[in-house]
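Residues 1447 to 1758 (this note's numbering) make up the sequence shown, in order.
See structure below.
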Amino acid sequence: MDGYELILEKNGEAAAVYAITAEGLIIGRAPDVDVVLPGQMVSRKHARVWFEQGKAMTEDLGSRNGIGVNGRRVLRAELNDGDELIIGDATFRVAATRKPASKSSIITYEKAGTLADEFVRQGSDFAPILYRAAQLLGTVFDLDDLLMRILEIIFEAVPQAQRGFIVTLREQMDEPEIHARLSRAPDTSADDVPLSHTLIRHVFEHRSAMLTTNAMDDSRFDSSHSIMQFAIRAAMCAPLIGRQSIVGAIYVDVGNREAMFGEGDLELLTAIACVVGVAVENARLYKENVDRERLAAIGQATAGVGHCVKNI
């Protein structure tokens, strides 16, 4: 086998998929690890999973409740295709892949809808950030201003992010429209936008948030000129999903080898995107209603003028 993936299962279905690489995945409760698991049964840094000499390996990092492979508690073990890895209440399935993938993570639409509630219920460090974002929805009514301030909150919470964009999508539009952009790079101009449309289209098509920490070597983005031109090392993107459809996306990336995104960063981005998606849809509906009322008023005024002309 060329490589392995770690699949987080929930109710018998895949809730998230992580590529097992030589660099490895740290699994735990801390917000800065690669795979964040809630619950008191999980230690802050609970376990490590990595790829070494053609084998997938796992080890306990001194956790309180240990790890299990196929129902047997282990300190260190080799993982094979089809094995089950138990950490706290979470069950991961090991799956062989045809070729090594870049280190990446995916959060499905179904999982995304529960993240915000989990952060609040578990008392996560991310809960105050979500609260700040939610407060903006009730106080800032200009859509562009709202999305820019949301992006600023994301940059505060994810300091390694170098570039960020919030785009919206309308029916019958080929390309998403940029509503907010932010960059820490002083040499990035507004006309030279380092935005990976390939990654955004992937998120739109699969209705899932995605993180890649080796974008330039990721086979899914071989044809992406923006990733190569701007030397994007890591990127993550989460869809803005309204009540009925996808209305946009939040995208951030980084070019520095030393600054990488973790699974916790993707979960935070996804939770914020869930809240913002409904706000974008509401703003769009409000504008459509205003435009409809304005057109109706113009129609009534025109009819009135016509009536007056007839009576002259």
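Note that the Cβ used here is the ideal one computed from N, Cα and C, for glycine as well.
For clarity, every value in this text was computed on a predicted model and none was experimentally measured.
C-beta contact flag for residue i and residue j at 7 Å
i	j	result
LEU1657	LEU1712	yes
ARG1475	ARG1494	no
LEU1454	PHE1538	yes
TYR1450	ALA1523	no
ILE1612	ALA1626	yes
MET1682	PHE1707	yes
LEU1521	ASP1506	yes
ALA1729	LEU1686	no
GLY1694	LEU1615	yes
For residue i, three-class secondary structure by DSSP
i	result
PHE1572	coil
VAL1649	helix
ASN1457	coil
ARG1475	coil
GLU1451	strand
ARG1510	coil
GLU1469	coil
MET1656	strand
VAL1488	coil
GLU1623	strand
ALA1579	helix
Residues sharing a beta bridge with residue i, DSSP
i	result
SER1629	ARG1609
ASP1699	ARG1609 and ALA1681
ALA1542	TYR1450
LEU1686	GLY1694
THR1504	VAL1495 and ALA1523
VAL1482	GLY1474
ARG1518	VAL1515
LEU1589	The partner list for LEU1589 (beta bridge, DSSP) is empty, contrary to what the question assumes.
LEU1531	VAL1515 and PHE1538
Presumed contact (8 Å Cβ cut-off) between residue i and residue j, rounded CB distance
i	j	result
VAL1540	GLN1608	So it is not a contact: roughly 34 Å between Cβ atoms.
VAL1481	GLU1709	5 Å
LEU1452	LEU1483	Not confirmed; about 12 Å, so no contact.
LEU1592	LEU1576	Going by Cβ atoms, the distance from LEU1592 to LEU1576 rounds to 15 Å, so no, they are not a contact pair.
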